[in-house]
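Residue numbers (the working numbering), protein chains in the order written: chain R, 1 to 113; chain W, 1 to 115.
Glycine included, each C-beta is placed from N, C-alpha and C at the ideal position.
All of these numbers come straight from a predicted model, not from anything done at the bench.
Below: one structure, written as structure tokens.
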């Protein structure tokens with residue numbers, strides 16, 4: 001365990017479903033991130049939260065909706081996804097935004113059917 | 001836009017040999033670089049980092065070399081072991097404005113160790 005826990009590990013959902021991904025860290029970090037990892041593409045930053053405030057949204061479609069109720073928890077709400085959204089979604093945290101000390105979770109493998 | 005990328009997508013190495021994984025970056029303003037290892041079913045794991053005021057840094061069995069002249073980064077793994085089999089990513093810390101930085105990742109190189 002890295003200290004960043006993601007659930008579920010695997011998720012299959014239909015295009016009309018609504019689901020949520022959860023990330024939890026107890027490392028005392030102030031920044032949390034969502035990344036998307038697709039086959040044959042680099043890791044893509046989706047959202048950044050610093051002290052539970054969103055500081056970055058890298059042009060992510062509105063069908064992805066993040067939520068950060070506190071510095072230890074991060075959610076990614078999913079609705080009306082497309083098959084091309086199938087990917088590994090990784091959560092990470094760091095002591096402060098950017099720079100160093102990123103710790104990643106094991107990810108949620110999402111398949112949209 | 002500027003990006004970080006990798007020269008080789010796959011690398012096969014005999015157990016016990018040394019491995020060298022390369023990375024090219026194009027953002028000359030980047031001042032911090034990190035190598036990550038990602039094993040199957042896991043998230044990326046920090047291996048070693050280097051700041052731009054250095055050209056070499058050594059860890060346990062790993063060495064990172066930075067050549068700012070040609071914007072090139074490499075990871076050397078000594079005496080490669082089966083447990084080193086994974087995908088290796090370089091990442092570049094990019095200033096994104098207002099005191100914030102972002103990690104930009106390369107595509108990754110898959111290292112396979114032959115027993």
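Where the beta strand (DSSP E) containing residue i begins and where it ends
i: residue 72 (chain W); result: 72–77
i: residue 21 (chain R); result: 18–25
i: residue 64 (chain W); result: 62–67
i: residue 48 (chain R); result: 44–50
i: residue 80 (chain R); result: Looking at the DSSP string, residue 80 (chain R) is not in any beta strand (DSSP E), and its letter there is neither H nor E.
i: residue 110 (chain W); result: 109–114
i: residue 53 (chain R); result: 53–57
i: residue 100 (chain R); result: From DSSP, residue 100 (chain R) is part of no beta strand (DSSP E); its letter is neither H nor E.
i: residue 41 (chain R); result: Premise fails: residue 41 (chain R) is in no beta strand (DSSP E) and is neither H nor E.
Cα-Cα separation, residue i to residue j
i: residue 70 (chain R); j: residue 15 (chain R); result: 29 Å
i: residue 12 (chain W); j: residue 51 (chain R); result: 43 Å
i: residue 51 (chain W); j: residue 89 (chain R); result: 28 Å
i: residue 103 (chain W); j: residue 28 (chain R); result: 20 Å
i: residue 108 (chain R); j: residue 23 (chain R); result: 10 Å
i: residue 94 (chain W); j: residue 45 (chain R); result: 12 Å
i: residue 14 (chain W); j: residue 46 (chain W); result: 24 Å
Integer Cβ distance of residue i from residue j, believed to fall under 8 Å
i: residue 26 (chain R); j: residue 72 (chain R); result: 6 Å
i: residue 86 (chain R); j: residue 48 (chain R); result: Not a contact, Cβ separation roughly 23 Å.
i: residue 73 (chain W); j: residue 90 (chain W); result: 5 Å
i: residue 86 (chain W); j: residue 37 (chain W); result: 5 Å
i: residue 71 (chain W); j: residue 29 (chain W); result: Actually they are not in contact, since the Cβ atoms of residue 71 (chain W) and residue 29 (chain W) sit about 11 Å apart, beyond 8 Å.
i: residue 4 (chain R); j: residue 93 (chain R); result: 6 Å
i: residue 20 (chain R); j: residue 75 (chain R); result: 5 Å
Residue i in three-state terms, based on DSSP
i: residue 83 (chain W); result: helix
i: residue 8 (chain R); result: coil
i: residue 69 (chain R); result: strand
i: residue 107 (chain R); result: coil
i: residue 17 (chain W); result: coil
i: residue 31 (chain W); result: coil
i: residue 55 (chain W); result: coil
i: residue 11 (chain W); result: strand
Closer than 7 Å at the beta carbon, the chain B residues around residue i
i: residue 42 (chain W); result: Of the protein chains in this structure, namely R and W, none is chain B.
Cutoff 8 Å: residue i Cβ touching any chain W Cβ
i: residue 90 (chain R); result: yes
i: residue 59 (chain R); result: no
i: residue 5 (chain R); result: no
i: residue 100 (chain R); result: yes
i: residue 66 (chain R); result: no
i: residue 111 (chain R); result: no
Below-8 Å beta-carbon distance, residue i vs any chain R residue
i: residue 58 (chain W); result: no
i: residue 107 (chain W); result: yes
i: residue 100 (chain W); result: yes
i: residue 103 (chain W); result: yes
i: residue 33 (chain W); result: no
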